[in-house]
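So the structure is just underneath, and the comments pick up after that.
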Amino acid sequence: MVNERPAKLIDCRTQQVVEAVLKIGLSAEQILDVESAWGPVRLAALVRLRNERFSGVPLPDHWHWIWARKVPKLALKGYLGVGISRQDTMQGLMLVARAGYESRLPMRSGDGLIYIDYLESAPWNVQAIVGNPQYKASGMALLRAAIEISYADGFEGRVGLHSLPQACPFYERAGFVSLGVDANYEGLPYYELTNDVAALFLSKGESK
Amino acid sequence: MTHAKQPTDEWMQWAAETEGDGIASVGGLKVRIAALECREHRVELAAVGQLLDLRRRELGLEIDELAKRAHVAPESLNDLERGLVMPNSADVIRLVARALNLPGDKLVEAASIDGATDPILSRAALRCADRAKSPNRLYPGEREALTEFIGILSGR
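Respectively, the protein sequence lines represent chains B and V. Residue 99 in the working numbering sits at position 99 of the first sequence, and the numbers go up by one each step. Residue 125 in the working numbering sits at position 125 of the second sequence, and the numbers go up by one each step.
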């Protein structure tokens, strides 16, 4: 069952905050439907950029990963699908594991955390794919939701993830601590958000 | 979600500045799917999985109860027993071992994963698992085998 609650995004055209909907509890099929809609947009952008021989911006790492073949093999029990939607169109998507992962920070060794297995913004919201993104802050909105899930599950806001290399600067700006590359995860860099920084993340930017 | 509340507009502006033009992609799912497709199995991991199951039965715990105590998905326990290597197998072993009051790091070495290996512990784990028979209550031979292996784990 999908639970919905109000959320927000920034409309890039007006730079104004606009209403959105956070959808919690998406199924594998719903996630596949969203990715099926995103795939052609990414592919068209890839073709356009290659035709233009645009060499200034590196293409996102994951473009060659074909979702449709692989999602049916997923075992999603214990995982929670979360999306952020605006005008009935999904603008960002996330999959979190609520069990089976523990902190690798020395002072938190053995403490559980929420692990983000998958997080993506819709391709029309990514600068590297389209010249004029439609909405901003979908990634941050989903990170916020992950922290809230972590609190709800008793993990005090702790979150872990393996970043794709091009996303490392984003996670570092968001306050994640780098714990180096992980040989068990194809050399992807592993990051964690501590409970102190998680509390700060939720309250940052708010008026006193 | 007791901490869940609508972000303020100021928070949204800070979030947009922080996100900037950055890409937010994470790669855990991609690696997990690759592991499922590769279906790497390891007998040492299966032996450790079976040992954890013996210990579970010794303590009289149901599978779902252990999974809940250890904060792992029940499917992860199945993967361990089948010896299916997943990216977080070491984490799962440590979490389950803690719930069963066993030394997690040594069991990870016995399973020969996560870059850690102890051939002597692995061989002891395989011997113990080989003597395990029934999926239900422990028989005397199983109890003896489990006690002997736990003694080896504790003594090193």
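All C-beta atoms in this analysis are idealised placements derived from N, C-alpha and C, irrespective of residue type, glycine included.
{"Query": "Report back the beta-carbon spacing between Y115 of chain B and Y101 of chain B to the nearest angstrom; my notes put them in contact at under 8 angstroms.", "Result": "4 angstroms"}
{"Query": "Within the continuous beta strand (DSSP E) that includes A20 of chain B, where are the two ends?", "Result": "16-26"}
{"Query": "Can you tell me the Cα-Cα spacing of S178 of chain B and V159 of chain B, whole angstroms?", "Result": "12 angstroms"}
{"Query": "Note down, in chain order, each residue of its chain lying with its Cβ closer than 7 angstroms to the Cβ of H64 of chain B, except the 5 sequence neighbours on either side.", "Result": "In this predicted model, H64 of chain B has a pLDDT of only 46, less than 50, meaning its place in the structure is not dependable enough to derive any value."}
{"Query": "Assuming contact is defined by CB atoms lying nearer than 8 angstroms, are E19 of chain V and K136 of chain B in contact in what I supplied?", "Result": "yes"}
{"Query": "Under the assumption that I113 of chain V contacts A90 of chain V (Cβ atoms under 8 angstroms), give the Cβ distance between them as a whole number of angstroms.", "Result": "6 angstroms"}
{"Query": "Going along the chain, which residues of the region 174-194 of chain B sit with their C-beta nearer than 7 angstroms to a C-beta in chain V?", "Result": "A174, A183, N184, Y185, E186, L188"}
{"Query": "Kindly give me the distance between the Cβ atoms of G81 of chain B and Q30 of chain B, rounded to whole angstroms, as I take these residues to be in contact under 8 angstroms.", "Result": "7 angstroms"}
{"Query": "Take every Cβ of the region 36-55 of chain V, pair it with every Cβ of the region 76-85 of chain V, and state whether three or more of those distances are shorter than 8 angstroms.", "Result": "yes"}
{"Query": "Give the range of the beta strand (DSSP E) segment to which Y191 of chain B is assigned.", "Result": "188-193"}
{"Query": "Whole angstroms is fine: what's the gap from P119 of chain V's alpha carbon to A129 of chain V's?", "Result": "15 angstroms"}
{"Query": "Check whether the region 186-202 of chain B touches the region 161-173 of chain B, counting contact only when three or more Cβ pairs, one atom from each stretch, lie closer than 8 angstroms.", "Result": "yes"}
{"Query": "Taking its Cβ as the centre, do 16 or more other Cβ atoms sit within 10 Å of E10 of chain V, making it buried, or is it exposed?", "Result": "exposed"}
{"Query": "Using three-state DSSP, classify Y115 of chain B as helix, strand or coil.", "Result": "strand"}
{"Query": "Below 8 angstroms on C-beta distance, what does D117 of chain B contact in chain V?", "Result": "V26, G28, L29, R32"}
{"Query": "Between T18 of chain V and chain D, is the shortest Cβ-Cβ distance under 8 angstroms, so that the two count as touching?", "Result": "This model lacks chain D altogether, as its protein chains are B and V."}
{"Query": "Quick check on this structure: which residue in V:Q13, V:W14, V:A4, V:G22 has the alpha carbon closest to the alpha carbon of A167 of chain B?", "Result": "V:G22"}
{"Query": "Any idea which residues DSSP pairs I10 of chain B with across the strands?", "Result": "B:V17, B:K136"}
{"Query": "For a quick check, are the C-beta atoms of G78 of chain B and A73 of chain V less than 8 angstroms apart?", "Result": "yes"}
{"Query": "List the endpoints of the continuous beta strand (DSSP E) containing L93 of chain B.", "Result": "89-97"}
{"Query": "Starting from the beta carbon of V126 of chain B, find every residue of chain V whose beta carbon is closer than 8 angstroms, and list them in chain order.", "Result": "I23"}
{"Query": "Out of V:L102, V:G115, V:Y139, V:A47, which one is the CA nearest neighbour of A183 of chain B?", "Result": "V:G115"}
{"Query": "What does V159 of chain B pair with, by DSSP beta-bridge criteria?", "Result": "B:I114, B:L193"}
{"Query": "Kindly indicate the opening and closing residues of the alpha helix (DSSP H) around S122 of chain V.", "Result": "119-130"}
{"Query": "For G81 of chain B, go through chain V and note every residue whose CB falls closer than 9 angstroms to its CB, in chain order.", "Result": "Residues of chain V passing the Cβ test: none, with the nearest at roughly 11 angstroms."}
{"Query": "Step through the CB atoms of chain V and report whether any lies within less than 8 angstroms of the CB of S36 of chain B.", "Result": "no"}
{"Query": "Kindly list the residues whose CB is nearer than 7 angstroms to the CB of S27 of chain B, restricted to its own chain and excluding five residues on each side of it in sequence; keep chain order.", "Result": "G81"}
{"Query": "Looking only at C-alpha atoms, which of V:E62, V:R82, V:A70 sits nearest to V43 of chain V?", "Result": "V:R82"}
{"Query": "Can you list the residues of chain B that P87 of chain V reaches, using a CB-CB cut of under 9 angstroms?", "Result": "H162, D182, N184, Y185, E186"}
{"Query": "Any chance the region 144-159 of chain B sits against the region 21-39 of chain V, with 3 or more Cβ pairs inside 8 angstroms?", "Result": "no"}
{"Query": "Residues of the region 95-121 of chain V with a CB closer than 9 angstroms to any CB of chain B: list them in chain order, please.", "Result": "L95, R98, G104, I113, D114, G115"}
{"Query": "Beta-carbon of S85 of chain B versus every beta-carbon of chain V: anything under 8 angstroms?", "Result": "no"}
{"Query": "Which residues in chain B have a C-beta closer than 7 angstroms to the C-beta of V72 of chain V? List them in chain order.", "Result": "A99, G100"}
{"Query": "So what's N184 of chain B in DSSP terms, helix, strand or just coil?", "Result": "helix"}
{"Query": "Chain V beta carbons: is any one of them nearer than 8 angstroms to that of E120 of chain B?", "Result": "yes"}
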